[in-house]
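Numbering (full-length UniProt numbering), first residue to last: 1 to 445. For each residue, glycine too, the CB sits at the ideal point set by N, CA and C. One structure is given here, and the rest of the page talks about it.
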Amino acid sequence: MWIGYVLVCIRLVGDGRIVNVWEDFWLANHRRLGPKPDSCEVVYVRDLLNDVGDAWNRDPLFSLFPHDVANKILCCFVSQSSPDTIYWLNSSHGQFSCKTAYFLALDTLLEVELNDTEDRMKLWHAVWKANVPNKIKLFIWRALHNYVPTVENMRIRRLNLSSFFCTHCGELGEDVMHILYRCSVAKEVWVRCSLDRLLEEGNPDTLEDLCHVILEKIPSSWELFLMILWGLWTRRNERFHGQLDGRAQEVDVVAKHLLLEYQVANKKELATISNEIKERGSWVKPQLQQVKLNTDASWQKETGRAGLGFVARNHNGEVLLSGARVECYAASPLEAEAKAIMWAMTHALSKNFQNVVFESDSLCLVNALRYRSVLRQITCLFSQILVSSEAFSTCNWSFVKREGNMVAHSIATWGLGHSEEIVLDGRVPDCTFFRATNDVLLSHV
Ligand SMILES: [Zn+2]
């Protein structure tokens, strides 16, 4: 299975001049809106905006699309000042990542002819869920697609090579299976791990077969197995580029060591986060020079309408800005929460806040933003938040329990009752004045 780049990139709407309304994946659900109706003059997103280009033109939207789609489009942010971009999630700079491609590929199942069997899907899940560093998962993903520069692959692509033989053993035809399994150097490693017999019994033809043997027979060794595959490839590369010295350690020893080190560090990190979560039941002032933006959404299941609210406060707990508005549609509470963050972020940027921390009571969203992990339900919006966050000098994500987020919560609920967007400089709406004062009195920093 290989999914072409065109099919899996997300286009983020900025000024709408490049994003093709019909061909590109730009709405939150990744389905294409095309094909373009004959005689329709709308091609690019820009064609759906007003003359200035800062808001949607409702008429063509509702005449071209069903109401739910038109409403979804109305809820997308546009920006005159930034060009359209292609964004890959899960990488700090929006560059291509295989994991993103994988998840998006899953989303486009209906449009791409994929012949993935159940076994194969199980394999993908096992790869991405493994408790190993991301770079190793990515390598495995590429190796399974035969997307690594082996001698054989370079020969097929007619790249200049001085030799067509295996860098280790000198045999002809160095492909993925040779490097990771068939080569005598790889065999030695599998023997030392006592996996050689088991693997041979499975009579594997492909790397996929090899993975299935481990997943079925000894799933507890899955992670070590992945580490060793990566180790074999790394060592092959070092030799290929002439960097391997004679004192190099055994692949399996290094793999075990790295795996242990990674898993211990990972546990520590998780422990720190869960401690942090336990402690944070009340609002805490941000640090000096920092602005904390608490955000919340109040979502109505029946209609999809959501009240969005935010409050920005400085290190003294003084209110710098607050805002409430209604969002006509959000597909889920999560999407509503994300929209509240996005909206607060737009205001924080316009106020030129430099060091910001966004605080929400949605743990799932905060963690996903912290670790830039894909939230498939809201991919476009999520990536838009990440892209925008890069405009601040520093931008952090913080989780607080509902009790500590009451000011934003009450502003969001209050916002549901107002049709107009309300943004207040230096104060919160009267209805939540006492809560804001209380936060400061109780804040112990
Ligand atoms: Zn070899």
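Taking the CA atoms as reference points, Glu171 sits about 35 Å from Tyr262. Assigned with DSSP and collapsed to three states, Glu403 falls in helix.
Note that the stretch 251 to 267 does not touch the stretch 202 to 214; fewer than 3 beta-carbon pairs, one per stretch, sit closer than 8 Å. DSSP places Asp175 outside any alpha helix (DSSP H), giving it a letter other than H or E. For Asp425, the uninterrupted beta strand (DSSP E) segment begins and ends at Ile422 to Asp425. Apart from the 5 residues on each side of it in sequence, Thr150 sits with its Cβ closer than 8 Å to the Cβ of Glu174, Asp175, Val176, His178 and Ile179 in its chain, given in chain order. Under the three-state reduction of DSSP, Cys75 is assigned to coil, being neither helix nor strand. When only Cα atoms are considered, Gln287 and Cys169 end up about 59 Å apart. Arg435 places its beta carbon less than 8 Å from that of Ser410.
Sequence-distant Cβ neighbours of Ala338 in its own chain, meaning closer than 7 Å and more than five residues away, are Leu365, Ile378, Leu381, Phe382 and Ile385. Here the C-alpha atom of Lys122 lies approximately 47 Å from the C-alpha atom of Asn50.
Here the C-alpha atom of Ile341 lies approximately 40 Å from the C-alpha atom of Asn146. In the DSSP annotation of this structure, the continuous segment of the beta strand (DSSP E) that includes Trp299 starts and ends at Val291 to Trp299. Taken atom to atom, the span from the alpha-carbon of Gly16 to that of Arg58 is near 15 Å. At least one heavy atom of ligand 1 falls within 7 Å of the beta-carbon of Glu174.
Taking 8 Å as the cut-off, the beta carbon of Leu442 is found no closer than this to the beta carbon of Ser332. Membership of Arg236 in the alpha helix (DSSP H) is indicated by the continuous run Trp222 to Phe240.
Within the DSSP secondary-structure output, Asn20 pairs in a beta bridge with Tyr44. DSSP places Val440 within a helical segment (H, G or I) once states are collapsed to three. In the DSSP assignment, Asn355 falls within the unbroken beta strand (DSSP E) covering Asn355 to Ser360. For Glu238, the shortest separation between its Cβ and any heavy atom of ligand 1 does not lie below 7 Å.
Boundaries of the beta strand (DSSP E) around Leu308: Ala306 to Arg313.
Per DSSP, the beta bridge partners of Asn396 are Val357. Scanning Leu215, Phe392 and Val326 for the CA closest to the CA of His125 turns up Leu215.
In this structure, Ser184 has its beta carbon less than 7 Å from a heavy atom of ligand 1. The way I'd put it, the stretch 126 to 135 does touch the stretch 226 to 236; three or more beta-carbon pairs between them come closer than 8 Å.
Arg155 sits in a helix when the DSSP states are folded into three classes. In this structure, the beta-carbon distance from Cys75 to Tyr371 does not fall below 8 Å. In this structure, the straight-line span from the alpha carbon of Arg427 to that of Val43 is close to 44 Å. Distance from the CA of Glu188 to the CA of Arg182, rounded to the nearest whole angstrom, comes to 10 Å.
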